[in-house]
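Student: Residue numbers for the sequence shown follow the UniProt record's numbering, beginning at 1 and rising by one.
Where a beta carbon is used, it is the ideal one built from N, C-alpha and C, also for glycine.
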Amino acid sequence: MFKKGLLVSALALLVGGFAPAAANVSAQEEENVLKVASHLPPMTDVVEIASEVIAEPYSIELVEVSDNIQYNEALLNDEVYANFAQHEPFAEIFNEERDGDLVAIQPVYNAVVGFYSSVYDSIDQIEDGAEVAIPSDITNEGRALLILEDHDLISLNDEAGLFPTVEDIEENPHNLEFTHIDLLNLTGAYEDGIELVFNYPTYIASIDLTTDDALILEDEDDNTYAIQLVIREGNLDTEATKALQAAFASPEVLEFLDELGAEKHLAPAFSLDGEEDEDEDEDDAEDADEDSSESEEESAE
1 MFKKGLLVSA LALLVGGFAP AAANVSAQEE ENVLKVASHL PPMTDVVEIA
51 SEVIAEPYSI ELVEVSDNIQ YNEALLNDEV YANFAQHEPF AEIFNEERDG
101 DLVAIQPVYN AVVGFYSSVY DSIDQIEDGA EVAIPSDITN EGRALLILED
151 HDLISLNDEA GLFPTVEDIE ENPHNLEFTH IDLLNLTGAY EDGIELVFNY
201 PTYIASIDLT TDDALILEDE DDNTYAIQLV IREGNLDTEA TKALQAAFAS
251 PEVLEFLDEL GAEKHLAPAF SLDGEEDEDE DEDDAEDADE DSSESEEESA
301 E
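#1: Inspect the CB distances between the region 28-39 and the region 58-66 and report whether three or more fall short of 8 Å.
#2: Which of the three DSSP states, helix, strand or coil, is assigned to E35?
#3: So, at 8 Å on beta carbons, what are the nonlocal neighbours of M43 in its own chain, with the 5 sequence-adjacent residues on each side left out?
#4: Would you call P173 buried or exposed, if buried means 16 or more other Cβ atoms sit within 10 Å of its Cβ?
#5: Which residues in the same chain as D150 place their Cβ atom closer than 8 Å to its Cβ, once the five residues preceding and following it in sequence are excluded?
#6: Considering T202, what are the terminal residues of the alpha helix (DSSP H) in which it resides?
#7: Quick one: is T210 buried, meaning 16 or more other Cβ sit within 10 Å of its Cβ, or exposed?
#8: In the region 99-152, which residue ranges form an unbroken beta strand (DSSP E) of at least 3 residues, counting only runs that do not cross its ends?
#9: If you reduce the DSSP assignment to three classes, tell me which class L40 lands in.
#10: Would you please state the rounded distance, in angstroms, between the beta carbons of V112 and H265? I believe it to be under 8 Å.
#11: From Q106 to L40, what distance separates their C-alpha atoms?
#12: Look up F178 in the DSSP assignment and say whether it is helix, strand or coil.
#13: State the DSSP-derived secondary structure class of P268, mapped to helix, strand or coil.
#14: On the premise that N140 lies in contact with L75, defined as a C-beta separation below 8 Å, what is that separation, rounded to the nearest angstrom?
#15: Is DSSP giving L260 helix, strand or coil here?
#16: Leaving aside the five residues before and after E280 along the sequence, list all residues of the same chain whose C-beta is less than 8 Å from its C-beta, in chain order.
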């Protein structure tokens, strides 16, 4: 009896001792799977590429969503670790509306946005009273209006800043009529024959149009509207975030973006550290040559 009891006790200790350890390993593995919500190519493509190069022990799981609301709600509710589907101004407006703590941490690419028309071949043909379809969300509405202002089709109140609305239009020489449409339905507005339609290359590609078909394009010279990797503020300094950020700014992602850039679909919003250093060295060398030339001229005089 004693031996049998001892054997049972030993087995109990063995099972009891190893079960929590196994559970801990499983929990740790689950923590190392970083879920990233995204929406449509090429954003989902970038997530997939990042998943192939992220450093161990981390892995990336793509969570595809069907609209421009779910990815932020999922992040705010901790259903995902990050999302990759928006620019920083869009995230800022979400934070204001939902008392959120979303933070954009890595610009990846600038989408080449603009206006498309099935009616006009140039802006010189735009008639008085033409209908203009613009996004219904405030950030993309502002972006669309700023493009129209850059092409002298309207003028805006200077105090409107980055988020102007149609109420901020001060001059409208063509008496353009503005219709607010959800971003995902703007391609349908083009097909319906609305004269001017704002759109992203991702969405307009569904009807076989490219940026070459645009009537006017945005002249984006900074990363204000770059599509970014977004996380919650509490995860800013974690090792997981560092690994995730490095994967999204990897040579493999940049190579993919360069290929799409050649098709005028987008422009990369980051460069590799080595390339930045090379550019700085070239600039320094040019400055040194200029200083040397100036010194020689002064000596000759």
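Tutor: Looking at the coordinates:
#1: yes
#2: At residue 35 the sequence reads Lys, which differs from the Glu that was named. Residue state, collapsed to three classes: strand.
#3: F84, A85, T202 and I227
#4: exposed
#5: Annotation for D150: E218 and D219 place their beta carbon closer than 8 Å to its own, counting only its chain and skipping 5 residues before and after.
#6: P201 to I204
#7: exposed
#8: Counting only runs that start and end inside the region 99-152, the beta strand (DSSP E) elements of at least 3 residues fall at 102-111, 114-116 and 131-135.
#9: coil
#10: 6 Å
#11: When the Cα atoms are used, Q106 and L40 turn out to be separated by approximately 19 Å.
#12: strand
#13: Strand.
#14: With a Cβ gap of about 19 Å, L75 and N140 do not count as contacting.
#15: helix
#16: Any reading at E280 needs caution, since the residue's pLDDT is 47, under 50, leaving its predicted position unreliable; the model's value is listed next. Nothing listed; no residue qualifies.
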